[in-house]
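One structure below.
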Ligand code: GTP
Ligand code: MG
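Set out below in C-alpha cells:
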C-alpha cells in the first residue's frame with residue numbers, strides 16, 4: 291500500500307473523545323521503549339509524526355493519525371514502565387484498557403515485542419487478557435537490525451514455542467526494523483487486506 295498522506299488528528303485520554311468517523315483503526319502497543327512510535331514513523335514514512343524518545347514513557351495519550359484520509363493509526367502509551375509511580379501507571383492502564391475494550395473501530399491491535407529479548411511475563415499476561423476479551427491482535431518483533439539473522443530466527447522460534455504452550459494457534463507475526471525499513475511492506479499489505487473487511491461490530 292502506498293502512503294499518500296499521514297496527518298496527526300488528536301491526542302486524548304478518553305475513548306469517548308476519539309474521532310467519530312467509523313474508519314478502520316489499527317493501534318500499536320507494547321512495553322515502554324519497544325519502538326511503537328518509531329514504527330509508526332517508519333510505516334508512514336514521516337520521521338517526526340509520532341514522538342519518539344530513548345527515554346521510556348514518552349507516549350502518554352491515545353494519539354490518532356489519519357492515513358490516506360481512509361484509516362487511522364493509533365499510538366498508545368507503553369505498559370510496564372517500572373519507574374513511573376504506581377498511581378500514574380494504573381491511570382495509564384485504565385486509559386489503555388478502556389480504549390481497547392470500547393473502541394469499536396479497532397480492527398487489529400499490533401502488540402510489539404523486542405526481538406532481542408526472551409518472552410516477558412508482562413507480555414504473556416497481556417496476550418492472555420486480549421484472548422479473554424476477544425481482541426484481535428498480531429505480534430510485531432521490533433529492532434531486528436540489532437541482532438544477526440541466526441539469533442533472530444532462534445529468538446522467534448523460542449517465542450512462538452512459548453506462545454504455543456498457551457495458544458492453539460499463533461497470531462499473525464511480523465518482523466520489523468524502524469532503522470532499515472524491513473517489515474514495512476508486509477505490515478502495510480496486511481492492513482490493506484483488513485481495510486477491505488467490514489468494520490468490527492459495535493461493542494456497546
Ligand atoms: P514509549 O512511547 O516511551 O512507550 O516508547 P515507544 O515504544 O514509542 O518507543 P520509541 O519509538 O520512542 O523508541 C524507543 C527507542 O528505541 C528510541 O531510541 C528509538 O530510536 C529506538 N528504536 C525504535 N525502533 C527501533 C528499531 O527498529 N531499531 C533500532 N536500532 N532502534 C529502534
Ligand atoms: Mg511512544
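Residue numbers (the numbering used here): 291 to 494. Ideal Cβ placement from N, Cα and C applies to all residues, glycine included. None of these values were measured; they are calculated from a predicted model.
By the C-beta criterion, the region 440-452 is judged not to be in contact with the region 319-329, since fewer than 3 inter-stretch pairs fall below 8 Å.
In this structure, the straight-line span from the alpha carbon of residue 378 to that of residue 439 is close to 38 Å. Assignment of beta-bridge partners to residue 301 by DSSP yields 353. Counting only runs of 3 or more residues that sit fully inside the region 356-389, the beta strand (DSSP E) segments are 361-365, in chain order. Taken through DSSP and simplified to helix, strand or coil, residue 404 comes out as strand. In the three-state reduction of the DSSP assignment, residue 395 falls in the coil class. The continuous stretches of alpha helix (DSSP H) do not include residue 322, and DSSP gives it neither H nor E. Counting other Cβ atoms within 10 Å of its Cβ, residue 345 stays below 16 and is therefore classed as exposed. The alpha-carbon separation between residue 478 and residue 375 amounts to approximately 36 Å. In the structure shown, residue 465 adopts extended strand secondary structure according to DSSP, grouped into three states. Under DSSP, residue 316 takes part in a beta bridge, and its partners are 363 and 398. Across the structure, residue 405 and residue 434 are spaced so that their CA atoms are roughly 6 Å apart.
In this structure, the alpha-carbon of residue 453 lies about 15 Å from that of residue 443.
The three-state reading of DSSP puts residue 342 in coil, since its state is none of H, G, I, E or B. Within the same chain, Cβ atoms closer than 6 Å to the Cβ of residue 420 are found at 427, the five residues on either side in sequence being excluded. If you check the C-beta of residue 301 against ligand 1, you find no heavy atom less than 7 Å away. Rounded to whole angstroms, residue 334 and residue 357 show a C-alpha spacing of 8 Å. Comparing alpha-carbon positions, the option among 422, 469, 363 and 425 lying closest to residue 482 turns out to be 363.
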